[in-house]
Each structure stands twice: as C-alpha cells, then as structure tokens.
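Trainee: Before I ask anything, here is the structure I am working with.
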Amino acid sequence: MLPFSTAAQWRCGLTGEEHQTMTRALLKATVMAGLVMGLASAAWADTAADAIAQRQAGYKAIGAATGDIKKAMEAGGDLTAVAAKAEVVSAFAKRIPALFPAGSGAESGVKTRALPAIWQNKSDFEANAGILGREADKLAAVLKANDKASVAAAFAAMTGECGACHRPYRMPQ
Ligand code: HEC
Numbered sequence: 273m274l275p276f277s278t279a280a281q282w283r284c285g286l287t288g289e290e291h292q293t294m295t296r297a298l299l300k301a302t303v304m305a306g307l308v309m310g311l312a313s314a315a316w317a318d319t320a321a322d323a324i325a326q327r328q329a330g331y332k333a334i335g336a337a338t339g340d341i342k343k344a345m346e347a348g349g350d351l352t353a354v355a356a357k358a359e360v361v362s363a364f365a366k367r368i369p370a371l372f373p374a375g376s377g378a379e380s381g382v383k384t385r386a387l388p389a390i391w392q393n394k395s396d397f398e399a400n401a402g403i404l405g406r407e408a409d410k411l412a413a414v415l416k417a418n419d420k421a422s423v424a425a426a427f428a429a430m431t432g433e434c435g436a437c438h439r440p441y442r443m444p445q
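Numbering (this note's numbering), first residue to last: 273 to 445.
This is how it looks when you write it as structure tokens:
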C-alpha cells in the first residue's frame, strides 16, 4: 500500500519536492499580499494626515489673510496692497477639493473638525469651495482698483461663504 502523502502526490501529479515548492510559493504570495495591504493602509493614513495638516494650515492662512483685509478696510487707506491677500484666499479655495480625500475625516484618527457631511455631500461641499474662489476673485478685483464703495459688499459676500461652509461642514470648537 502507498503511504498517504505519496497517494496525494500521485493524485495531483506533483512530487513531494514540487508540492513543497508550491506550498512555499503560496505562503510567500499570501505574506506578500498581506504586506502590500499593510503598506497601502499605512500610505492611506499618511495621505489623510498630510491632507489634514495641509488644509488646516491653508485655512489658518486664509483666516489671517481675511483679517488683514479687514484691518486695511478699517484703516481707510489705500487698499491695492491687500488685493494679494484676497488672491491667497482664491488660490487656496481651488485646492480645497483635493485636500479632503476619502478617509480624511475623524475616522483617520487625526484631530480634525471636518464633519462626515463633507463626504456625504461632496459636490455641495466642492460647490461651496467654488463660490469662495469666485467671491475672493471679485474682492481681489475691487481691492486692486481701490474701489472703496464696492469693497464692503464684496468682503461681506466672501466672508459670508466662510460661514455658509462652516455651518454644515465644520465641527464647532
Ligand atoms: C468649502 C468649505 C469651507 C469654506 C468655504 C471655508 N472653510 Fe474654513 N474650514 C472648513 C473646514 C471643513 C474646516 C475644518 C478643517 C479640519 O479641521 O480638517 C475649516 C477650518 C477653518 C479654520 C481652522 C483651521 C485650523 O485648524 O486652525 C479657519 C481659521 C477657517 N476655516 C477659516 C475660514 C475662512 C476665513 C474662510 C473664508 C474666507 C473659510 N474658512 C472658508 C471649511 C470651509
């Protein structure tokens, strides 16, 4: 009678050595797949942390830029110099959609005030970023022209959009 292992080898047509090689190859493939998946999730976490850091820094910068515009308006002097600050807001607004990749909410484990509603209503969220960009461009134009009569309304329209996005999409402090 044939020992069991020999019978099994005979059935699958492989010698003992071939069988071992195949088992090792399969094991290797499984370990590799696990490694790749592990690396992918690590990269994913990095992407989320990176996006969160970048958007928070960007928002801080547009907060400062908006404050500088307000100060210049209150000072009542020439406004052409702060037009560049409105351009900072406009440039950042264009980057907003890319700075909210899937998985970069609170589930990433990184501290963020981004609410899940962002990913549930991604197109509305992105539309808000688009409005911010357009209002910032309009403000930049009237600041550049030192058109004081139009600046207050343009500033209110732009800052109104900050709140319009924060209310549904940013966690209160
Ligand atoms: C398209 C939506 C949207 C618009 C428009 C928007 N914000 Fe925000 N803002 C957010 C979200 C979401 C966060 C939270 C980001 C996070 O914590 O990951 C945030 C965070 C901030 C922060 C805190 C940054 C930090 O972590 O220190 C400031 C300051 C800020 N926004 C200012 C502004 C100003 C000023 C405007 C308008 C000129 C504006 N935002 C327009 C969505 C928006």
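For every residue, glycine included, the Cβ atom is placed at its ideal position computed from N, Cα and C.
Just so you know, these numbers come straight off a predicted model, no measurement behind them.
1. Quick one: what's got a C-beta closer than 7 angstroms to Ser422's C-beta in the same chain, skipping five residues either side?
2. According to the Cβ coordinates, are Gly375 and Ala428 closer than 7 angstroms?
3. Tell me the rounded alpha-carbon separation between Ile368 and Ile341.
4. Identify, in the order they occur along the chain, each residue of the same chain with its Cβ nearer than 6 angstroms to the Cβ of Ala386, setting aside the five sequence neighbours on each side.
5. Inspect the beta-carbon positions of Leu404 and Glu433 and report whether they are closer than 7 angstroms.
6. Cβ of Ala401 versus every heavy atom of the ligand HEC: is any distance shorter than 6 angstroms?
7. Could you tell me the alpha carbon to alpha carbon distance between Thr338 and Met430, rounded to whole angstroms?
8. Indicate whether the contact test is met: 3 or more Cβ pairs, each with one atom in the stretch 357-373 and one in the stretch 390-402, closer than 8 angstroms.
9. Can you tell me whether Gly377 sits near the ligand HEC, meaning its C-beta is under 6 angstroms from at least one heavy atom of the ligand?
10. So what does DSSP say about Arg442, is it helix, strand or coil?
11. By DSSP, does Ala297 sit in helix, in strand, or in coil?
12. One question on the structure: do Ala408 and Ala358 come within less than 7 angstroms of each other, judged by their Cβ atoms?
13. Let me confirm a value: Ala353 is counted as buried when at least 16 other C-beta atoms fall within 10 Å, else exposed. Which label applies?
Mentor: On the basis of the data shown:
1. Once the five neighbours on either side are set aside, the close Cβ partners of Ser422 are Val414.
2. Contact flag unset, no.
3. Roughly 21 angstroms separates the two Cα atoms.
4. Answer for Ala386: Gly377, listed in chain order.
5. The beta carbons of Leu404 and Glu433 sit closer together than 7 angstroms.
6. True, at least one ligand heavy atom lies under 6 angstroms from that Cβ.
7. Computed Cα separation, rounded: 9 angstroms.
8. Verdict: yes, contact present.
9. Answer for Gly377: no, Cβ out of range of the ligand HEC.
10. Residue state, collapsed to three classes: strand.
11. Correct three-state label for Ala297: helix.
12. Pairing Ala408 with Ala358 gives a Cβ-Cβ distance under 7 angstroms.
13. Classification of Ala353: exposed, given that the 10 Å Cβ count is below 16.
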